[in-house]
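Colleague: In case it helps, full-length UniProt numbering puts the sequence shown at residues 1 to 159.
A virtual CB, placed ideally from N, CA and C, is assigned to each residue, including glycine.
Predicted model, so just to flag it, every value in this text is computed and none were measured.
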Amino acid sequence: MKDGELDSVDRRILYYLQQDARGTSSSDIAEKLGLSSSTVRTRLNRLEDTGIVRGYHVDIDYDLAGYPLYTKIICTAPVPERSALANWARDVHGVTAVREIMTGERNVYVNAIGRDHDDLNRISEELDGLGLDIVDEQLIRDEFVCPYHGFLDEDGADQ
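#1: What residues are listed by DSSP as bridge partners for residue 75?
#2: With burial defined as no fewer than 16 other Cβ atoms inside 10 Å of the residue's Cβ, what is the status of residue 38: buried or exposed?
#3: How many angstroms separate the CA atom of residue 43 from the CA atom of residue 79?
#4: Using the C-alpha atoms, what's the distance from residue 126 back to residue 199?
#5: Check residue 99 in the structure and name its three-state DSSP category.
#6: Could you tell me whether any non-hydrogen atom of the ligand COA is closer than 7 Å to the CB of residue 40?
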């Protein structure tokens, strides 16, 4: 497999993993694709070894875990410092994700959670203290993640 060249079997394995990686076994995927479990496991190992599959992540309902406030903080960072500031933002208590944006003035997006508004204010102050200029803060009601349907065959058929 060359970089970025996945065949239809690899793409379909990725599609099924995105739906529920923890609850989907190689046997489950093999049954859906009409392949042996060992074939799927071998391909999955190769996807992991090449870095295409980088990990299996837990999906936490922060509200149920006691963190009812979920916010996206949109920041501006000087381009020469953008990567370093984005990396440092990951260490702020309450930050759950950081995205470094390549274009535009709004070039660092920070997702954060908190128990109350004091938590969110503290996070904003810490990000500001790092040197990030906060442009906007958005309180998120809910976020939905879905599998990329492009991993299915061109016609979208699930065989």
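Modeller: Quick look at the numbers:
#1: Along the sequence shown, read from residue 1 onward, the residue named residue 75 stands at position 75. In the DSSP output, where bridge partners are listed per residue, residue 75 has 108, 134.
#2: One-based indexing of the sequence shown puts residue 38 at position 38. With fewer than 16 other Cβ atoms within 10 Å, it is exposed.
#3: Here residue 43 corresponds to residue number 43 of the sequence shown, with the count starting at 1. Here residue 79 corresponds to residue number 79 of the sequence shown, with the count starting at 1. Near 39 Å, if we compare the C-alpha coordinates of residue 79 and residue 43.
#4: One cannot answer for residue 199 here, as it falls past the ends of the chain, which runs 1 to 159.
#5: For the purposes of this step, residue 99 is identified with residue 99 of the sequence shown, where counting begins at 1. Looking at residue 99 - three-state DSSP - the assignment turns out to be strand.
#6: As far as ligands go, the structure on display features none, and thus does not contain the ligand COA.
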